[in-house]
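The structure under discussion appears below in the form of structure tokens.
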Amino acid sequence: MDKLNQTAEIIRVRFAPSPTGYIHVGNARTALFNWLFARQKGGVFVLRVEDTDIERSREEYERNLIQDLRWLGLDWDEGPDVGGNYGPYRQSERLELYHKYAKQLLDEGKAYYCFCSPEELEKEREAALAEGRMPVYSGKCRNIPRKEAEKRRAAGEPAAIRLKVPDEGIVEFDDLVRGHVEFDLKLIGDPIIVRSNGMPAYNYAVVIDDALMNITHVVRGEDHVSNTPRQILLYRALGWQPPVFAHLSMVMGKDNTRLSKRHGATSVDQFRREGILAEALCNYLAFLGWSPPEGHEVLRLEELVRLFDLSRVSRSAAIFDYEKLHWLNRQHIKMLPAEKKLELALPYLQETGLVGTEVTPAQMDWLKKAIEILIEGVDKFSELPQKFSLLFDFEPEKLDEEAREIIGSELAKKVLAAFIQKTAGLQEFNYEIFARITGEIKKETGVKGKDLYHPLRVALTARASGLELDKFIPLVEEGARLNFPKSILSCLVRLNRIKTSLNL
RNA sequence: GCCCCUGUCGUCUAGCCCGGCCUAGGACAUCGCCCUUUCAAGGCGGCAACACGGGUUCGAAUCCCGUCGGGGGCGCCA
0 MDKLNQTAEI
10 IRVRFAPSPT
20 GYIHVGNART
30 ALFNWLFARQ
40 KGGVFVLRVE
50 DTDIERSREE
60 YERNLIQDLR
70 WLGLDWDEGP
80 DVGGNYGPYR
90 QSERLELYHK
100 YAKQLLDEGK
110 AYYCFCSPEE
120 LEKEREAALA
130 EGRMPVYSGK
140 CRNIPRKEAE
150 KRRAAGEPAA
160 IRLKVPDEGI
170 VEFDDLVRGH
180 VEFDLKLIGD
190 PIIVRSNGMP
200 AYNYAVVIDD
210 ALMNITHVVR
220 GEDHVSNTPR
230 QILLYRALGW
240 QPPVFAHLSM
250 VMGKDNTRLS
260 KRHGATSVDQ
270 FRREGILAEA
280 LCNYLAFLGW
290 SPPEGHEVLR
300 LEELVRLFDL
310 SRVSRSAAIF
320 DYEKLHWLNR
330 QHIKMLPAEK
340 KLELALPYLQ
350 ETGLVGTEVT
360 PAQMDWLKKA
370 IEILIEGVDK
380 FSELPQKFSL
390 LFDFEPEKLD
400 EEAREIIGSE
410 LAKKVLAAFI
420 QKTAGLQEFN
430 YEIFARITGE
440 IKKETGVKGK
450 DLYHPLRVAL
460 TARASGLELD
470 KFIPLVEEGA
480 RLNFPKSILS
490 CLVRLNRIKT
500 SLNL
């Protein structure tokens, strides 16, 4: 347990995903916790690719994985793409290593060949389950003499290699987040360490890799707790000292089942596309099961590194809350400089065709101002184009009920009539003119406040809600002169349209 | 079924290890008010939890036992 304090040795942790698709937020959290721990302790963070499942592993998945992790803001000191002194960092390139130690275990009589067929084993398992026992391998092949086993193998009989596990006793370990955990050896059968196709089994490969890579702390998901005793047994058989373990609780969906697609976005990639900031996602992920001693919740990566503490990680599963993620994202967006917001928002606006691929400096300048105003209260960047439709779309024929109601009152009609009359013949329009005119109307009719501004907003935007007009008018007037692919109508044009549309 | 882990507001959690400072704190969500040229944002305030049952103790969210709930595992997947 106190390997942490008692040694001056450098802390080495790893994140070891299998490249079988896009990286899930649950795994991302594991990666983040490892990274935070390493960075805070001045340790080493290793990326290792567990690609021994030939069926599911794809090279492109490794690229996705690296891309996602980098996007999150994580970096590693050793890994398949950056090298290091403990390589190779792909399990598929470490096969000789696994074979070497398997042979050693075989030679020392700590492991043996098993000729049982999968069908046979399946039958035994079912029988055990039916009797209410935990399915444990019978040890049938345990005592086949090595010579005989070699002969059968030479004859072409497929064989897996199993580790011999003591029949009695307990295996225990002190988990950094869960405390003391122990397992009864009676319930642990001899695990397969090398499959009959020659590939190492997961429980074996991790041990070889973690040990050879000098990993001091294994921080991983709770789903590995029950693998831990088997792995410890392997460390023992090899005469190695096991690392310190820390098992993180699972991330669940709203209905308390494992977070999956049906709960919404679950891959890092999806969040990135939606316009969730990496910092916000890290911030949120860090708070899934962990909280800093002081109450601040909106934290940047460096602050997380400073405050992070594995022993403060909670042991119970956490439900992924999109609302809170969005709130954090809003907070992080707010902290961004205007240039950065523009840079991040641009692709979304281009994608929806509001903005062309070529953007003039004047358009850029306008966009920066518009984004600064419209981003308020937006959960993620993908929602921004929707917000921009306030500026780009004007459809007086499609007023909603609320807008009709506002514009339908006697008072509203009076205001609109006056406004239209006072703007008739104007060649130019801006907020100063608007303010002057509304001032006059106020004086002449006595209408003020909401009664005055609501109808005017409906007239200028064709909707019941939107921006304050002192922000809206300058944006629209300037935007109207900028030749966007989809043009913005000036206020005077809008007024004309609404006039004909409503027959005023 | 068996094994392991876990159980504080709807959600994330603080407090638990070292019982009294807990009338259980914060954040998201929600509700209300304020601000206001709507909405939002912001400010202020409200609602809201120690799973249950037994102990131990002068005193228990905190310690012990049991029950129930939730999760994970039980692969020649990782």
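Position one of the first sequence corresponds to residue 0 (numbering that gives the first Met the number 0), numbered consecutively onward. Glycine included, every Cβ here is placed at the ideal spot set by N, Cα and C.
Using CA coordinates, which residue listed in the options is at the minimum distance from residue i?
i, options, result
"Ala210", "Val243, Ile22, Glu357", "Val243"
"Arg314", "Pro346, Leu276, Leu247", "Leu247"
"Lys441", "Asn429, Leu466, Lys413", "Lys413"
"Val218", "Gly407, Ala37, Arg435", "Ala37"
"Ser259", "Phe418, Ser17, Ile22", "Ile22"
"Leu300", "Ala15, Arg47, Asp74", "Asp74"
"Glu61", "Ala15, Ile192, Glu95, Phe44", "Ala15"
"Leu175", "Pro241, Arg311, Gln240, Ile432", "Arg311"
"Leu506", "Lys99, Ser388, Ile192, Ile436", "The question about residue 506 has no answer, for the chain in this structure spans 0 to 503."
"Val164", "Leu488, Asn63, Pro228", "Pro228"
"Phe380", "Ile275, His331, Ala153", "Ile275"
"Thr136", "Ile432, Glu123, Arg261", "Thr is not the amino acid found at residue 136; the sequence shown has Tyr there. Cα-wise, what sits closest to Tyr136 is Glu123."
"Glu167", "Gly188, Asp399, Asp308, Tyr112", "Gly188"
"Gln330", "Pro360, Tyr283, Glu293", "Tyr283"
"Thr356", "Phe483, Ala200, Leu94, Val43", "Phe483"
"Ala285", "Glu8, Gln39, Thr29, Asp364", "Thr29"
"Glu404", "Glu221, Ala101, Ala463, Ala479", "Ala463"
"Gly478", "Ile436, Thr359, Leu415, Lys397", "Thr359"
Would you list the one or two residues that DSSP bridges to residue i?
i, result
"Ile160", "Tyr112, Val193"
"Gly42", "Beta-bridge pairing links Gly42 to no other residue."
"Glu118", "None, per the DSSP bridge assignment."
"Ile332", "Partner(s): none; Ile332 has no beta bridge."
"Met133", "Paired residue(s): none; Met133 is not in a bridge."
"Pro199", "Val193"
"His179", "Asp173"
"Ala317", "Val250"
"Val218", "Ala245"
"Ser266", "His23"
"Arg13", "Val45"
"Glu77", "Val45"
Could you tell me how far apart the beta carbons of residue i and residue j are, in whole angstroms, since I believe they sit closer than 8 Å?
i, j, result
"Ala245", "Tyr97", "About 25 Å separates the two Cβ atoms, so there is no contact after all."
"Leu474", "Ala316", "In fact, because the Cβ distance is near 46 Å, the residues do not count as touching under 8 Å."
"Lys139", "Cys115", "6 Å"
"Lys333", "Glu371", "Not a contact, Cβ separation roughly 11 Å."
"Asp67", "Asp268", "6 Å"
"Phe428", "Leu335", "The Cβ separation is near 33 Å, so there is no contact."
Just to confirm, are residue i and residue j a CB contact at a threshold of 9 Å?
i, j, result
"Leu162", "Lys109", "yes"
"Tyr88", "Pro79", "yes"
"Gln349", "Leu481", "no"
"Gly252", "Phe182", "no"
"Ala279", "Leu324", "yes"
"Leu105", "Arg145", "yes"
"Asn26", "Val12", "no"
"Glu375", "Leu327", "no"
"Glu206", "Arg177", "As written in the sequence, residue 206 is Val, which differs from the Glu given in the question. No."
"Gly72", "Ala344", "no"
"Phe433", "Ile406", "no"
"Val45", "Met212", "yes"
"Gly42", "Thr215", "yes"
"Val250", "Val24", "yes"
"Tyr347", "Leu383", "yes"
"Leu509", "Pro199", "Any question about residue 509 goes unanswered here, given that the chain covers just 0 to 503."
Near residue i, what residues of its chain come up, given a Cβ to Cβ distance below 7 Å and the 5 sequence neighbours on each side ignored?
i, result
"Tyr505", "The chain is shown only over 0 to 503; residue 505 falls outside these bounds and no answer can be derived."
"Arg271", "Trp70"
"Leu410", "Val446, Asp450"
"Leu128", "Pro134"
"Lys386", "Leu373, Val377"
"Tyr452", "Leu468"
"Cys281", "Leu31, Leu71, Gly72, Leu300, Leu303"
"Arg152", "Tyr112, Ala158"
"Glu125", "none"
Spatial neighbours of residue i within its chain, please: C-beta separation below 6 Å, excluding the five flanking residues on both sides.
i, result
"Pro395", "Ala461, Arg496, Ile497, Ser500"
"Trp291", "Looking at the sequence provided, one finds Pro at residue 291 rather than Trp. Cβ within range, chain order: Leu306."
"Glu121", "none"
"Glu49", "Ala15, Ser17, Gln90"
"Leu488", "Phe393"
Beta-carbon within less than 8 Å of residue i's beta-carbon, same chain only, minus the 5 sequence neighbours each way: which residues are those?
i, result
"Lys367", "Ala337, Glu338, Lys340, Leu341"
"Lys485", "Gly352, Leu353, Phe391"
"Leu494", "Phe418, Ile419, Thr422, Ala458, Leu459"
"Gln5", "Low local confidence applies: a pLDDT of 44 at Gln5 is under 50, so the model's placement there is unreliable, and no value is given."
"Trp289", "Phe32, Phe307, Asp308, Arg311, Val312, Ser313"
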